[in-house]
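Enquirer:
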Amino acid sequence: MSVDLNALKTPGPTITALTQPFWDAAAQGRLKIQHCEDCGKAVFYPRPICPHCWSKRLVWKEASGRGQLKSFSEVHNPGHPGWLPAAPYVVGLVELAEGPTMLSFILPGTRSPSVGDALLLAPTAIGGRVLSAFKSVETATEEKPQ
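Quick note on the numbering used here: the sequence shown kicks off at 25 and runs consecutively.
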């Protein structure tokens with residue numbers, strides 16, 4: 025992808041008191057998700073009660089940043105014109121190592137994405153803010169200095 029993602033004119037996320045910890049962590053290049061103090065399960069998307077046991081005892085914890093690609097789509101006709109310079113691009117459902125699934129931007133790699141690909145968090149400046157994008161483990165390994 026040759027486009028500067030940070031220069032895109034895209035709408036930002038809607039930040040609420042409930043989602044603020046997620047977006048604050050994203051701005052710092054980290055991924056935080058909720059965990060239930062009663063049943064111990066990880067929770068994503070942010071919500072006021074645990075979807076597993078209905079407890080209100082949810083706390084924010086750092087996630088590993090590891091996941092697996094469950095499904096993906098190559099977007100050729102974006103829903104917002106601000107994304108047109110980046111098209112085609114890939115969005116995917118990422119099953120986090122902690123259990124929950126999140127929708128995310130998938131950075132291009134050396135090959136086309138495949139369901140089952142191992143992914144790593146790759147915080148990326150998109151439209152003037154840092155977002156929790158992912159890239160394939162294969163691509164991440166290739167970028168490390170020898």
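Where a beta carbon is used, it is the ideal one built from N, C-alpha and C, also for glycine.
So what does DSSP say about tryptophan 78, is it helix, strand or coil?
Expert: Counted from its first residue, the sequence shown places residue 78 at position 54. Looking at tryptophan 78 - three-state DSSP - the assignment turns out to be coil, as it is neither helix nor strand.
Enquirer: Which residues in the same chain have their Cβ closer than 7 Å to the Cβ of glutamate 119, if we skip the five residues on either side of it in sequence?
Expert: Taking the first residue of the sequence shown as 1, we reach residue 119 at position 95. Answer for glutamate 119: Gly91, Gln92, Lys94 and Thr125, listed in chain order.
Enquirer: Between which residues of its own chain and glutamine 52 is the CB-CB distance below 7 Å, once the five residues before and five after are set aside?
Expert: Taking the first residue of the sequence shown as position 1, residue 52 is located at position 28. Contacts found: none.
Enquirer: With H, G and I counted as helix, E and B as strand and the rest as coil, what does DSSP make of valine 27?
Expert: For the purposes of this step, residue 27 is taken as residue 3 along the sequence shown, with counting starting at 1. Of the three classes helix, strand and coil, the one that applies to valine 27 here is coil, per DSSP.
Enquirer: So within the stretch 46–79, which uninterrupted beta strand (DSSP E) runs reach at least 3 residues, ignoring any that extend past its ends?
Expert: The stretch 46–79 contains these whole beta strand (DSSP E) runs: 56–60.
Enquirer: Please go through the stretch 73–139 and give each complete beta strand (DSSP E) segment of 3 or more residues, from N-terminal end onward.
Expert: Fully enclosed beta strand (DSSP E) runs of 3 or longer: 82–86, 90–99, 113–120 and 125–130.
Enquirer: Roughly how many angstroms separate the alpha carbons of proline 70 and threonine 134, rounded to a whole number?
Expert: Counting from one through the sequence shown, the residue named residue 70 turns up at place 46. Counting from one through the sequence shown, the residue named residue 134 turns up at place 110. Those two C-alpha atoms are separated by around 33 Å.
Enquirer: Sort Ile130, Pro102, Pro75 and Tyr113 by Cα distance to alanine 142 and report the nearest one.
Expert: To locate residue 142, count along the sequence shown from 1; it is residue 118. Nearest option by C-alpha distance: Ile130.
Enquirer: Return the first residue and the last residue of the beta strand (DSSP E) that threonine 148 is part of.
Expert: Position 124 of the sequence shown holds residue 148. It spans 142–150 - the beta strand (DSSP E) in which threonine 148 sits, taken as one unbroken run.
Enquirer: Using the Cα positions of leucine 117 and proline 75, report the straight-line distance between them to the nearest angstrom.
Expert: Locating residue 117 in the sequence shown gives position 93, where the first residue counts as 1. Locating residue 75 in the sequence shown gives position 51, where the first residue counts as 1. Spanning the two alpha carbons is a distance of roughly 19 Å.
Enquirer: Less than 7 Å between the beta carbons of leucine 55 and alanine 31, yes or no?
Expert: Sequence index remark: in the sequence shown, residue 55 carries index 31 (1-based). Sequence index remark: in the sequence shown, residue 31 carries index 7 (1-based). No; because the gap between Cβ atoms is not below 7 Å, this pair is not in contact.
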